[in-house]
Amino acid sequence: DQQVKQNSPSLSVQEGRISILNCDYTNSMFDYFLWYKKYPAEGPTFLISISSIKDKNEDGRFTVFLNKSAKHLSLHIVPSQPGDSAVYFCAAPYGQNFVFGPGTRLSVLP
Amino acid sequence: DAGVTQSPTHLIKTRGQHVTLRCSPISGHKSVSWYQQVLGQGPQFIFQYYEKEERGRGNFPDRFSARQFPNYSSELNVNALLLGDSALYLCASSLMEGSETQYFGPGTRLLVL
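For the protein sequence lines, the chains are A and B, in the order given. So for the first sequence, the numbering used here puts the first residue at 487; every next one is plus one. So for the second sequence, the numbering used here puts the first residue at 35; every next one is plus one.
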C-alpha cells in the first residue's frame, strides 16, 4: 500500500523552463511534507518542506504547493537548470518513520 | 561541519554471509534512522534509534538488527544475506526523535552475490 505516490517516473524539461513534479498521498494524517533531491552515488538532500497549515512555500527557484483537499502537492522549479537533473522524492514524516514516494527522475536539457 | 557519514561506501558479499554497516550522525543529532533503497523505489524505513533505544521498526525480517552507541553513531547488521538484500542502505540523522527533517548520508551500496 503506497501512501505516497509519484506517478511520473521521469520528466524532461528544457533549460530555463519550469519543471513541475507531482506527488499524491493517501494518508490524511500526514501534516508535513518534504522534497528531497538525489544525485547518483549520493544520499538524498533535503530541498524544501511545507506544513499542512500552509498551501505554498517558496525558497529561491523552488516552490512547493499543497492542496490538502486533493491530497496533492507539487514542486515547481523555475527556471530549471541542468544541475537540477536528479531524482526527486516526496516524503512525509509519520510516527517514527518517513514515508517516501518512488521518485521522479528529472532531466533538464541544455 | 561534517554531514552524516557512512562506511563502507561499497560492499560485496555472498548469500548467507553477515554484514555490518556503520553511520555517524551530524554532530549534535541524537536520532539515527536506517533506510533501504532498492533501484527504482524510494527509501524504505528499517529502524529508528534515539538515545540508544529503538524507537521504530519497519517491515523487515529479524535478520536485520541495529544499535546506537553512546556517541550516537549506529550500526546496521544483516544476517544470512539474501540476493534481495542488494540495495543502497541509507542512514539519516535528525536532531531529536520526531524531528520533521532528516539529513541523509551518502549510503552504502551492498551487492549480494
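The C-beta atom is built at its ideal place from N, Cα and C for all residues, glycine as well.
Residues that Tyr518 (chain A) contacts on chain B, provided the C-beta gap is smaller than 8 Å: For Tyr518 (chain A), the chain B residues whose C-beta falls within less than 8 Å of its own C-beta are Glu134, listed in chain order.
Answer yes or no: does any C-beta atom of chain B fall closer than 9 Å to that of Phe532 (chain A)? Taking 9 Å as the threshold, the shortest C-beta distance from Phe532 (chain A) to chain B falls below it.
Less than 9 Å between CB atoms is the rule here; does Tyr511 (chain A) satisfy it with respect to chain B? Not a single CB atom of chain B sits nearer than 9 Å to the CB of Tyr511 (chain A).
Unbroken beta strand (DSSP E) run spanning Asn111 (chain B), endpoints: For Asn111 (chain B), the enclosing beta strand (DSSP E) covers residues Ser108 to Val112.
Alpha carbons only, please: which of A:Gly589, A:Asp517, A:Thr590 and A:Phe551 is nearest the one belonging to Asp541 (chain A)? Nearest neighbour of Asp541 (chain A) by Cα position, chosen from A:Gly589, A:Asp517, A:Thr590 and A:Phe551, turns out to be A:Phe551.
Could you name the residues that DSSP lists as bridge partners for Lys554 (chain A)? For Lys554 (chain A), no pairing in a beta bridge is given by DSSP.
Beta-carbon neighbours of Gly581 (chain A), restricted to chain B and to distances below 8 Å: Think of a sphere of 8 Å around the beta carbon of Gly581 (chain A): the chain B residues whose beta carbon falls inside it are Gly90, in chain order.
Three or more beta-carbon pairs under 8 Å between the stretch 556 to 565 of chain A and the stretch 505 to 515 of chain A, yes or no? Yes: at least three Cβ pairs fall under 8 Å.
Exposed unless 16 or more other CB atoms sit within 10 angstroms - verdict on Asn583 (chain A): Burial call: buried.
Measuring only between beta-carbons, confirm whether Gly50 (chain B) sits less than 9 Å from chain A. Closer than 9 Å: no.
6 Å Cβ shell around Tyr106 (chain B) - same chain, five flanking residues per side excluded: The beta carbon of Tyr106 (chain B) lies closer than 6 Å to those of Pro59 and Lys64 in the same chain, with the five residues before and after it left out.
Determine the burial state of Thr54 (chain B): buried for a count of at least 16 other Cβ atoms within 10 Å of its Cβ, exposed for fewer. Thr54 (chain B) should be labelled exposed.
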